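Following: one structure in structure tokens, then a few remarks.
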Amino acid sequence: MSFLLGTVLLAVVTAMACALPGVFVVLRRNSMLVDAISHAVLPGIVVGYFFTRSLDSPLLILGAALAGLVVVLGSEYLSRTGLLTGDAPQGLIFPALFSAGVIMVTLNFANVHLDTHAVLVGDLNLAAFHQLQIGGVLAGPSYLYVMLAVLVVNGVFLAVCYRRLKISTFDPGFARSLGLRPGALNTAFMFLVSVTVTAAFHAAGAILVIALVVVPPATAYLLTGRLPMMIGLTLAIAAGGALAGFWLAYLADAATSAGMAVFYGLVFAAVFTATRLRQRLRARRESAPAAAA
Amino acid sequence: MPLADDGGPAARVTNLSVAYRTTPVLRRVDLDVPRGVVMGVVGPNGAGKSSLIKAMLGLVPPLAGEVEFFGRPLAKVRRRVGYMPQSATVDWDFPTTVRDVVTMGTYGGLGWFRRPGRPEHERAEEAMAQTGIDALAGRQIGELSGGQRQRVFLARALVQAPDLYFMDEPFQGVDAKSQQAIVAVLHLLREQGRTVVIVHHDLATVRDYCDHVTLLNQRVIASGPVAEAFTKEHIRSAYEVAAGDDFLEFTA
Amino acid sequence: MTPAEFFADHTFRMVLFGTSVIGLVAGALGSFAYLRKQSLISDVISHAALPGTLGAFLFTVLVLGADGRSMIALLTGAVLVGTISVLFANHVARVSKIRIDTAMAITLTIFFGAGMLLMRIITDRPFPGKGGIQDYLFGNASVITYADLVTSIGVGGLALVLMVVFWKEFALRTFDADHASVLGFGARTIDALMFGTIVIATIIGLKAVGLVLMVAFVVTPPAAARQWTRTLPGMVTLSGLIGAAGSGIGAYLSIVLGDVPTGPLIVLTLFGFFVLSVLLAPGRSIVTRALERARARRRLKAELSAP
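Chains as they are written, first to last, in the UniProt record's numbering: chain A, 1 to 293; chain B, 1 to 252; chain C, 1 to 307.
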């Protein structure tokens, strides 16, 4: 596999692995929590590196994802105390964790060498640098297989928990009356999001990974009122946007993730404008006959 | 679905007390829900009507007290108990259709891996026909009116086919036509020998909709057949109004 | 290092005063974002300000032919684009079924992505004065100049003056959004002014603290102050003081300790203030609440079990 093809594939697989759980992130109103998680995993990565000595290690990814869970459970705890209002609980914990991470990186804790720039936007080419060889044949970047595994795990989780996620998102009171446990499901789901965000960290960094998780599902959400359709559209937008964004970044000679975020943004803006226009047209057409409620 | 032969009331509440943070909302409630009745839980705002149902279903932790359904704890008979929450808790923009929401009623009986198959879908279609929403089956849930939405949740409860239904304010924000449809279904359920408990706030319709009533204001003021429990004295006592107040005229 | 030695050093003084001013302004004005339940909007603003800052840099260099380091030009660009980002996020949430959290996340990440494309364009070309443009990501408190300090006092002071002048309107809009329009001011005008001051509070710290950590300056002091006071003036004042004190202490520690970066250390100091407040503040904190509730429950149980 050529380096270019491997890198393009890595971009596409990463985008799909992030966007798939993103569908429920958007529906469950957890979008800004992804922002918090993606920053909080930085100290997790540094500490994980101390133990594993490899930035690609699956163990590191799982360990660092626990740091993301600290933000999720910590902000839920702070909200439950009733001492804080609004979205402040999320905004309190992640900057502190991120600060701890930055301090560890600058003090060269564990000799981890993370380019601070890459912490924010990632470096897809660097992530694709280490090629996997099978029997002397280049089989593409080894990180491609890490992201492929994350994609598969996300797919399996969603397939198994699809109905539970759907009910507990749509009508949590009903879910609880069925004896399902929305709280436990939420923790499992957010851990998976955390794992996904950590795994995508190398490719997209702390801030642009939010674009990969949130923007394709939000765009699909505008386009359809059917959940299976929304999932299909999300995957299509994620993959298509990854290809176009890759090309955009190539032209601008910029980070691939930045190109992808901007391209997703353009698609979102176009869809948003189109649905607004359609709403207005429909409102005008319906204003003639009296509203039949 | 055959009724189990364990005798006794559909639900029995013993000495139930509930508090939110440090404020008590229910004080030592004792209550029996007989089988095969439509029971209205009636009382002023803040009387703890919703809290009573939620505490019975284990959705809010009680401070003290016991609840049994058909003589057993909830965990053992969960599939025989259905719940229709107040419509406010639902995400109306969720990308799902009416048919899909009604089919959710079958989920409790499917484990982790089984998907709804032909029998489940047939039950859903039947329930939609019963509640008169079959023509709306393909609509996104948010496109419906208040009354239509409420009928969707009623259909979902029918699909669950429990022996005991709890409904929190099923008539809230509902048009006359939907109201009639809901009442017809409630009475049909009673004829099938099932039990229905509704939280209700409209005193004027209690006699038409319910055959049993529980008047609640943090404590149980009265509970029993409408003719015995739904008296002026009890209502005055529950609503804390003075004798002779003409606010009660229409209920007599 | 003695305090005398510390204050004798020009750079140290600039770092200490500069970060304290940032902490004061962000803390005071952050109270309104907190009470509007939209604290995270400052995270959106700080990220969206990046393309604004860089756009202003390019405009200054290419069109005006001036030095790109002009603080006023960069601030103007940041305020402009930061305000656009707030309006965009709120607009998307208002007119479509997309919720505010998703609207904010989309705005934050897309504007930042555009900023990173601009960043690459600037760093790849030999523009004059482009050095230090990278500081906007993580901040660099050691490069605060006297001119920077004066600018941030001026701009921050302006925002505080706006807050005092429109105090009544801000307070009403925060506590009772519907009643505010009765005062004669349109709700939209008050919102624009209030979010405008929050934008200023956020962007004056970008260069010293960086866009990633700025959110902590806006969120943490009000959350800590809220535990100690019940009134709006009390909260705004205390929040500003906590912001200033936390920034000063963090900056002092980072200089005394040597290699530790200033912004992150300030954030950790502020977080320490918050943890102490939420645990121990009298009246409404985790510890006092837990004690109070246990007592009330015991009393209630005794009352309910009595015949």
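Yeah, the Cβ is synthetic: ideal placement off N, Cα and C, and Gly gets one too. Predicted, not measured: the structure shown is a model, and the values here were computed from it.
Where do the ends of the alpha helix (DSSP H) carrying residue i lie?
i        : result
Arg80/B  : First-last for Arg80/B: undefined, no H or E at that position.
Ala201/C : Ala187 to Ile203
Gly111/B : That residue, Gly111/B, is in no alpha helix (DSSP H); it is neither H nor E in DSSP.
Leu73/A  : Pro58 to Thr81
With a threshold of 6 Å on Cβ separation, who are the neighbours of residue i within its own chain once the five nearest residues in sequence on each side are excluded?
i             : result
Gly58/B       : Leu74
residue 374/A : In this structure chain A extends from 1 to 293, so residue 374/A is not present and cannot be described.
Ser20/C       : Ala244, Ser247 and Gly248
Ala10/B       : Val33, Arg35, Leu164 and Thr195
Gly250/C      : Leu265, Ile266 and Thr269
Phe6/C        : Phe12
Give the residues of chain C in contact with residue i, contact being defined as C-beta atoms less than 7 Å apart.
i       : result
Asp35/A : Asp43, Ala105 and Leu108
Met32/A : Leu40, Asp101, Met104 and Ala105
Ser99/A : Leu213, Pro264, Val267 and Leu268
What does the alpha-carbon distance come out to for the pair residue i and residue j?
i        : j        : result
Arg285/A : Tyr209/B : 41 Å
Leu107/A : Phe98/A  : 14 Å
Asp43/C  : Ala135/B : 47 Å
Val81/C  : Ile45/C  : 8 Å
Thr145/C : Met14/C  : 7 Å
Arg236/B : Phe24/A  : 49 Å
Ser57/A  : Asp124/C : 33 Å
His130/A : Gly122/A : 15 Å
Arg219/B : Asp93/B  : 38 Å
Thr60/C  : Leu172/C : 40 Å
Ser70/C  : Lys130/C : 11 Å
Val199/C : Asn140/C : 20 Å
Leu44/A  : Thr198/A : In the sequence as displayed, the identity of residue 44/A is Gly instead of Leu. Computed Cα separation, rounded: 9 Å.
Ala255/A : Ala200/A : 14 Å
Ser54/A  : Ala261/A : 28 Å
Leu266/A : Phe273/C : 41 Å
Thr234/A : Gly22/A  : 9 Å
Ser239/C : Val102/A : 26 Å
Leu229/A : Ala236/A : One point to set straight first is that residue 229/A is Met, not Leu, in the sequence displayed. Distance between the alpha carbons of Met229/A and Ala236/A: 11 Å.
Gly154/C : Pro172/A : 50 Å
Ser75/A  : Leu189/B : 44 Å
Ala290/A : Arg282/A : With a pLDDT of only 49 at Ala290/A, under the threshold of 50, the placement of this residue in the model should not be trusted; the figure read from the coordinates follows. Each residue's alpha carbon lies about 14 Å from the other.
Leu5/A   : Leu158/A : 28 Å
Phe268/A : Leu248/A : 16 Å
Ser17/B  : Arg27/B  : 5 Å
Just to confirm the assignment, what range does the beta strand (DSSP E) spanning residue i have?
i        : result
Ile134/A : Gln131 to Ile134
Gly173/B : Segment: none, Gly173/B is in no beta strand (DSSP E) and carries neither H nor E.
Tyr20/B  : Ala11 to Tyr20
Met167/B : Leu164 to Asp168
Arg32/B  : It is worth fixing the name first, because residue 32/B is Asp in this sequence and not Arg. Here the beta strand (DSSP E) through Asp32/B covers Thr23 to Val33.
Leu138/A : Val137 to Pro141
Phe94/B  : Premise fails: Phe94/B is in no beta strand (DSSP E) and is neither H nor E.
Asn217/B : His212 to Asn217
Met39/B  : Val38 to Val42
Val60/B  : That residue, Val60/B, is in no beta strand (DSSP E); it is neither H nor E in DSSP.
Thr195/B : Thr195 to His200
Grab me the residues of residue i's own chain with a C-beta within less than 7 Å of its C-beta, minus the 5 sequence neighbours each way, in chain order.
i       : result
Ala19/B : Val25 and Leu63
Pro51/C : Val81, Phe111, Ala114, Gly115 and Leu118
Thr14/B : Asp30, Gly65 and Glu66
Output needed for residue i: all residues of its chain with C-beta closer than 8 Å, excluding positions within five of it in sequence on either side, in chain order.
i        : result
Leu73/A  : Thr187
Leu3/B   : Only weak support is given to the placement of Leu3/B: the predicted model assigns it a pLDDT of 47, under 50, and the value that follows is read from those uncertain coordinates. So the list reads Arg35, Asp163 and Gly193, once near-sequence residues are dropped.
Ala292/A : Confidence in Ala292/A is poor, its pLDDT being 44 and thus under 50, which makes the residue's placement too unreliable to answer from.
Val13/A  : Leu144, Met147, Leu148 and Leu151
List, in order along the chain, the chain B residues whose C-beta lies closer than 9 Å to that of residue i?
i       : result
Ala66/C : The premise fails here: Ala66/C is roughly 49 Å from chain B at the closest Cβ pair, so nothing lies under 9 Å.
For a contact meaning CB atoms closer than 9 Å, what does residue i contact in chain C?
i        : result
Val262/A : Ile110, Gly113, Ala114, Met116 and Leu117
Residues of chain A with CB closer than 8 Å to the CB of residue i, please, in chain order.
i        : result
Lys130/C : The contacting residues do not exist; Lys130/C stays about 15 Å from chain A at best.
Pro95/B  : Leu27, Tyr221, Thr224, Gly225, Arg226, Leu227, Met229 and Met230
Arg120/C : Ala252, Asp253, Ala254, Ala255 and Ala258
Tyr34/C  : Thr85, Gly86 and Ala88
Arg194/B : Simply none; closest approach about 17 Å.
What are the residues that DSSP puts in a beta bridge with residue i?
i        : result
Pro225/B : His212/B
Phe274/C : In DSSP, Phe274/C forms no bridge with anything.
Name the chain B residues that come within less than 7 Å of residue i, Cβ to Cβ?
i        : result
Leu178/A : Tyr107 and Gly108
Phe170/A : Val90, Asp91, Phe94 and Thr96
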